[in-house]
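Undergrad: Numbering (this note's numbering), first residue to last: 1 to 111.
Handing you a structure now.
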């Protein structure tokens, strides 16, 4: 009987650990792109990625990081990256100073 219980505990332990990580926000730093970001696993193949607010010059670096990090998380070329906030409309000649768009937030779904 104890062998069966030990066997079941070993079998279901990875599921308990994986379920514990879902919904937990991780504050991370990517040294290659020099980007501070937060990553939350929402489900098995779904993540929320957030990059803290930066300057307009940093946006290109941040958006490239989002694409590369998404490919790493999904371990494939097939994923859906939906930006929730942090993107502004482009105006050729703005009439007033632009406010910072806030943190760049995206939802990642691996296919």
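By construction, the Cβ of each residue, glycine as well, lies at the ideal position given by its N, Cα and C atoms.
Can you tell me the Cα-Cα spacing of residue 37 and residue 58, whole angstroms?
TA: Going by the C-alpha atoms only, they are around 13 Å apart.
Undergrad: Assuming residue 85 and residue 105 form a contact by the criterion Cβ under 8 Å, report the distance between their Cβ atoms to the nearest whole angstrom.
TA: The pair is a contact, with the Cβ atoms about 5 Å apart (cut-off 8 Å).
Undergrad: Alpha carbon to alpha carbon, how far is residue 51 from residue 75?
TA: Rounded to the nearest angstrom, the two C-alpha atoms are 21 Å apart.
Undergrad: Can you list, in chain order, the residues of its chain whose CB lies under 6 Å from that of residue 40, leaving out five sequence neighbours each side?
TA: Closer than 6 Å at the Cβ level, and outside the excluded window around residue 40, lie 25 and 48.
Undergrad: How far does the beta strand (DSSP E) with residue 36 in it extend, from its first residue to its last?
TA: Segment 35-43, the beta strand (DSSP E) holding residue 36.
Undergrad: Quick one: residues in its chain with C-beta nearer than 8 Å to the C-beta of residue 103, no 5 flanking neighbours on either side, listed in chain order?
TA: Counting only Cβ-Cβ distances below 8 Å, and skipping sequence neighbours, we find 50, 51, 52, 53, 85 and 86.
Undergrad: Within 10 angstroms of the Cβ of residue 67, are there 16 or more other Cβ atoms? Answer buried if so, exposed if not.
TA: It is exposed - the Cβ of residue 67 has fewer than 16 other Cβ atoms within 10 Å.
Undergrad: Can you give the Cα-Cα distance for residue 29 and residue 35, rounded to whole angstroms?
TA: Roughly 6 Å separates the two Cα atoms.
Undergrad: Are any of the Cβ atoms in chain D nearer than 7 Å to that of residue 44?
TA: The structure shown contains no chain D; it is built from a single protein chain.
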